[in-house]
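Counting with this note's numbering, you get residues 17 to 279 for the letters of the sequence shown.
Yeah, the Cβ is synthetic: ideal placement off N, Cα and C, and Gly gets one too.
Reviewing the structure listed below.
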Amino acid sequence: MDKTTDNLITLQEKTFYGKEKKNLAYVIGIMNMILHGIEAPNIIHTNTLAESIRDIQEKNRYHVILANPPFGGKERKEVQQNFDIKTGETAFLFLQHFIKNLKAGGRAAIVIKNTFLSNTDNASVALRQYLLESCNLHTVLDMPGGTFLGAGVKTVTLFFQKGEPTRSIWFYQMDPGRNMGKTNPLNDKDLEEFVKLQATKAESEKSWNLKVAEVDETTYDLSVKNPNTPEEAPLRSPEAILTEMEALDHETNSIFQSIKDLI
Numbered sequence: 017m018d019k020t021t022d023n024l025i026t027l028q029e030k031t032f033y034g035k036e037k038k039n040l041a042y043v044i045g046i047m048n049m050i051l052h053g054i055e056a057p058n059i060i061h062t063n064t065l066a067e068s069i070r071d072i073q074e075k076n077r078y079h080v081i082l083a084n085p086p087f088g089g090k091e092r093k094e095v096q097q098n099f100d101i102k103t104g105e106t107a108f109l110f111l112q113h114f115i116k117n118l119k120a121g122g123r124a125a126i127v128i129k130n131t132f133l134s135n136t137d138n139a140s141v142a143l144r145q146y147l148l149e150s151c152n153l154h155t156v157l158d159m160p161g162g163t164f165l166g167a168g169v170k171t172v173t174l175f176f177q178k179g180e181p182t183r184s185i186w187f188y189q190m191d192p193g194r195n196m197g198k199t200n201p202l203n204d205k206d207l208e209e210f211v212k213l214q215a216t217k218a219e220s221e222k223s224w225n226l227k228v229a230e231v232d233e234t235t236y237d238l239s240v241k242n243p244n245t246p247e248e249a250p251l252r253s254p255e256a257i258l259t260e261m262e263a264l265d266h267e268t269n270s271i272f273q274s275i276k277d278l279i
């Protein structure tokens with residue numbers, strides 16, 4: 017971006033927006049934006065889910081939404097009335113909110129618990145169908161356990177673009193080869209292969225494509241099932257193991273006998 021006065025005003029006043037319900041997180045968000053050079057942050061102290069998605073107007077929609085909504089929480093019945101698909105699960109209400117808040121062609125990356133892809137309750141099935149029909153869910157990143165401290169569940173990141181239905185989904189199963197933790201978080205190097213393969217939706221031992229036409233329309237199950245996982249070597253029979261043990265014992269005895277003959 018060119019360093020012009022107009023661009024600076026756009027960056028300061030018309031680029032970053034946020035909403036936060038909790039008092040402490042709201043203050044931390046404001047402080048973080050100021051420390052990064054945004055002098056008057058567009059962060060509102062409000063419960064996002066208290067707003068009816070039916071009242072969202074085009075002028076208030078966004079080009080890009082990046083979010084890690086809270087999951088596992090429960091919202092009361094009156095809040096659920098603000099949404100077309102009724103559910104007490106906060107993350108599923110937020111996902112509806114994000115889709116409605118995107119402009120046509122708008123892009124989103126949303127972290128959500130992986131059970132969203134396979135839950136069989138009516139709300140989950142309806143929400144997956146809504147996402148697939150209203151957006152192009154082009155990428156699903158399967159995150160390793162422990163990526164988010166205290167989450168207690170595995171998570172996935174959904175990458176989608178609003179305006180066209182999903183035809184094919186590219187999955188990537190991340191395996192950094194170590195346990196995640198507070199002192200051992202994900203880093204840029206862990207994401208290198210994902211970023212490289214995602215550019216072409218290439219298949220590998222960790223990635224594969226799923227055609228939506230092959231998805232069961234009664235469940236819209238999108239659970240992570242890697243068809244490219246290398247097959248493990250078949251286990252040997254007990255007889256083969258015992259035969260090898262006998263051969264090794266015989267070899268060992270021969271070696272001992274040779275040593276004795278030398279003494």
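Residues near residue i by beta carbon distance below 6 Å, same chain, minus five either side
{"i": "residue 36", "result": "42 and 45"}
{"i": "residue 57", "result": "46 and 49"}
{"i": "residue 85", "result": "107 and 110"}
Presumed contact (8 Å Cβ cut-off) between residue i and residue j, rounded CB distance
{"i": "residue 125", "j": "residue 175", "result": "5 Å"}
{"i": "residue 80", "j": "residue 122", "result": "7 Å"}
{"i": "residue 169", "j": "residue 131", "result": "7 Å"}
{"i": "residue 134", "j": "residue 237", "result": "5 Å"}
{"i": "residue 178", "j": "residue 120", "result": "6 Å"}
{"i": "residue 98", "j": "residue 68", "result": "4 Å"}
Cα-Cα separation between residue i and residue j, rounded to whole angstroms
{"i": "residue 222", "j": "residue 278", "result": "55 Å"}
{"i": "residue 66", "j": "residue 129", "result": "22 Å"}
{"i": "residue 138", "j": "residue 103", "result": "9 Å"}
{"i": "residue 196", "j": "residue 205", "result": "14 Å"}
{"i": "residue 55", "j": "residue 198", "result": "31 Å"}
{"i": "residue 262", "j": "residue 268", "result": "10 Å"}
{"i": "residue 31", "j": "residue 25", "result": "9 Å"}
Beta-carbon proximity list for residue i, same chain, < 7 Å, skipping 5 on both sides
{"i": "residue 200", "result": "194"}
{"i": "residue 217", "result": "186 and 225"}
{"i": "residue 144", "result": "236 and 238"}
Reduced DSSP category for residue i - H, G, I as helix; E, B as strand; rest coil
{"i": "residue 52", "result": "coil"}
{"i": "residue 127", "result": "strand"}
{"i": "residue 120", "result": "strand"}
{"i": "residue 218", "result": "coil"}
{"i": "residue 97", "result": "coil"}
{"i": "residue 91", "result": "coil"}
{"i": "residue 173", "result": "strand"}
{"i": "residue 225", "result": "strand"}
{"i": "residue 153", "result": "strand"}
{"i": "residue 105", "result": "strand"}
{"i": "residue 184", "result": "strand"}
Buried versus exposed call for residue i [16 or more other C-beta atoms within 10 Å across all chains shown]
{"i": "residue 60", "result": "exposed"}
{"i": "residue 152", "result": "buried"}
{"i": "residue 183", "result": "exposed"}
{"i": "residue 159", "result": "buried"}
{"i": "residue 52", "result": "exposed"}
{"i": "residue 127", "result": "buried"}
{"i": "residue 112", "result": "buried"}
{"i": "residue 20", "result": "exposed"}
{"i": "residue 115", "result": "buried"}
{"i": "residue 188", "result": "buried"}
{"i": "residue 147", "result": "buried"}
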